[in-house]
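I have placed the structure first, in the form of structure tokens, so that the comments after it can refer back to it.
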Amino acid sequence: MLLVASLLSAIRRSNSDLTFSVISCKNLLRKLSLLFIYMASFVVICCVSRDMFMRATMSV
């Protein structure tokens, strides 16, 4: 009986660890996707501003 109780306790503990791992993985993916969006926006802004600067200097 004690063996069954300890086995059930271990299963519950591993399930909660797995749930925590899935939540942590989702949070990490969310942060990485936000970082990717931020970096992509930064690159687009830099390219557009560089293009505008080049056009302004060419027309002078």
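Note that the working numbering has the sequence shown beginning at 72, numbered continuously upward.
Every residue, glycine too, gets a C-beta built ideally from N, C-alpha and C.
Rounded to the nearest angstrom, the gap between the Cα atoms of Y109 and A76 is 49 Å. By the criterion of a C-beta distance shorter than 6 Å, N98 is surrounded by no residue of its chain, once the five residues flanking it on both sides are discounted. V114 and S80 have their C-alpha atoms spaced approximately 51 Å apart.
Distance from the CA of L105 to the CA of A111, rounded to the nearest whole angstrom, comes to 10 Å.
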